[in-house]
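Read through the structure below, which is laid out as structure tokens, and then see the notes.
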Ligand code: SAH
């Protein structure tokens, strides 16, 4: 094994049981197509290839691509294609004319978790679902329920596009080199179809609502927006007409509450901020 590169988030899975567990929880079908993000030495790639029809393994590190291709050649594995590239720069649609929507999988570099999610969201129509390993704290924010400390703008901004489900937690001891924190595997199904045109308003309202977490929703929206000239009474009316008590905190509102609120809020928002 070459010296792992910290800058590329290289923490390799060294426990076969965990690799099998990820594959089991992914409930793959023999005719599935997998796009793997960050193939490494093929820790997941090779076992995956035994369960699906094809794996497209994306890896940024040229040295690892070389080694993985060599191994695949030696073992005469025919259904893995190694793609040397940066997941953030690749257009997933250009990889291949997929006969069915691929499942995205990966033990991803934690420092680009949000950028990867953004990338997948922008390609959501072509992806069946994603099974990804995230840093535990980050994953908890993705799967959080209203009323908990982990529930916040990340939860909601992703919920606008997808349903995220916790699969299982993973100890840091199963990686080499060992990271400083534990991980969690989650499943992301891009099953939401709220209008793209409304997303900017939704984002604005969610960010405003969570900008002052300890204040009630009325005060945090007001604090965030007061520069635009809106009056507190106006915000109160919008909340009441959205069926939301101004005394609640942002963390107590469900995505449905936020959707209703952003619908009513739309006309009060500064145009340049929500386009
Ligand atoms: N799949 C392997 C490796 C996981 S470590 C395993 O589970 O053990 C994360 C991998 O992502 C590393 O191999 C790293 O080189 C690769 N990587 C980092 N940034 C990347 C990027 N932007 N695009 C594609 N791969 C990347």
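Numbering (my numbering), first residue to last: -8 to 266. Ideal placement from N, C-alpha and C gives every residue a C-beta, glycine not left out. Since the model is a prediction, treat every value here as computed from it, not as a measurement.
(message) Let's test the definition: count the other Cβ atoms within 10 Å of the Cβ of residue 271 and tell me whether it reaches 16, buried, or not, exposed.
(response) Past the edges of the chain, shown from -8 to 266, lies residue 271, and the structure says nothing about it.
(message) Considering Cα atoms alone, identify which of 213, 39 and 28 is closest to residue 18.
(response) Measuring from the Cα of residue 18, the nearest candidate turns out to be 39.
(message) With distance defined between alpha-carbon atoms, name the residue in 154, 258 and 220 nearest to residue 181.
(response) In this structure, 154 is the residue among 154, 258 and 220 with its C-alpha nearest to the C-alpha of residue 181.
(request) Would you kindly report the start and end of the unbroken alpha helix (DSSP H) that includes residue 216? (result) Residue 216 -> alpha helix (DSSP H) spans 208 to 216.
(message) Let me check understanding here. Comparing Cα to Cα, which of 132, 194 and 119 lies closest to residue 256?
(response) The candidate whose alpha carbon is nearest that of residue 256 is 194.
(request) Please indicate yes or no: does the CB of residue 1 lie closer than 8 Å to some heavy atom of the ligand SAH? (result) Checking every heavy atom of the ligand SAH against the Cβ of residue 1, one is found closer than 8 Å.
(message) Relative to the C-alpha of residue 186, which candidate in 5, 152, 65 and 10 has its C-alpha closest?
(response) Ranked by how close their Cα comes to the Cα of residue 186, the residues 5, 152, 65 and 10 have 152 in first place.
(request) Label residue 126 either buried or exposed according to how many other C-beta atoms from any shown protein chain fall within 10 Å of its C-beta, with 16 as the threshold for buried. (result) With at least 16 other beta carbons inside 10 angstroms of its own, residue 126 counts as buried.
(request) Please confirm whether any heavy atom of the ligand SAH lies closer than 8 Å to the CB of residue -4. (result) Yes, the ligand SAH has a heavy atom inside 8 Å of this Cβ.
(message) the ligand SAH and residue 32: does any heavy atom of the ligand fall closer than 8 Å to the residue's C-beta?
(response) Yes; taking the cut-off as 8 Å, the Cβ of residue 32 has a heavy atom of the ligand SAH nearer than that.
(request) Tell me, please, which residues DSSP counts as bridged to residue 36. (result) In the DSSP assignment, residue 36 forms no beta bridge with any residue.
(request) Kindly indicate which residue of 261, 49 and 143 has the alpha-carbon position closest to the one of residue 205. (result) Per the C-alpha coordinates, the member of 261, 49 and 143 positioned closest to residue 205 is 143.
(request) Count the other C-beta atoms from every protein chain shown that fall within 10 angstroms of the C-beta of residue 253, then say buried if there are 16 or more, exposed otherwise. (result) Per the 10 Å Cβ criterion, buried.
(message) If I follow the unbroken alpha helix (DSSP H) through residue 228, where does it start and stop?
(response) Per DSSP, the unbroken alpha helix (DSSP H) holding residue 228 starts and ends at 223 to 232.
(request) Please report how far the alpha carbon of residue 88 lies from the alpha carbon of residue 210, in whole angstroms. (result) Looking at the two C-alpha atoms, the distance is approximately 50 Å.
(request) Consult DSSP for residue 181 and reduce its assignment to one of helix, strand or coil. (result) DSSP places residue 181 in coil when its eight states are reduced to three.
(message) Checking 9 Å against the spacing of the C-beta atoms, do residue 24 and residue 45 come in under that value?
(response) Going by C-beta atoms, residue 24 is nearer than 9 Å to residue 45.
(request) Rank 15, 98, 10 and 72 by C-alpha distance to the C-alpha of residue -1 and give the top, closest one. (result) Closest by alpha carbon: 98.
(request) Within the same chain, show all residues whose beta-carbon is closer than 7 Å to that of residue -4, passing over the 5 residues directly before and after it, in chain order. (result) Result list for residue -4: 52, in chain order.
(request) Using three-state DSSP, classify residue 144 as helix, strand or coil. (result) In the displayed model, residue 144 falls within a helix according to three-state DSSP.
(request) Determine the closest residue to residue 208 out of 231, 67, 85 and 26, with distance taken between C-alpha atoms. (result) Between residue 208 and the set 231, 67, 85 and 26, the nearest pair of CA atoms involves 231.
(request) Could you have a look at residue 249 and say whether DSSP puts it in helix, strand or coil? (result) Residue 249 falls in the helix class under three-state DSSP.
(request) Note down the Cα distance separating residue 76 from residue 249, rounded to an integer number of angstroms. (result) In this model, residue 76 and residue 249 are separated by some 38 Å (Cα to Cα).
(message) Suppose contacts are defined by Cβ-Cβ distances below 9 Å. Is residue 83 in contact with residue 109 by that definition?
(response) Taking the C-beta atoms as reference points, residue 109 is found no nearer than 9 Å to residue 83.
(message) If I follow the unbroken beta strand (DSSP E) through residue 98, where does it start and stop?
(response) Going by DSSP, residue 98 is part of the beta strand (DSSP E) stretching over 94 to 98.
(request) Check whether the Cβ of residue 168 lies closer than 8 Å to any heavy atom of the ligand SAH, and answer yes or no. (result) For the ligand SAH, not one heavy atom lies less than 8 Å from the Cβ of residue 168.
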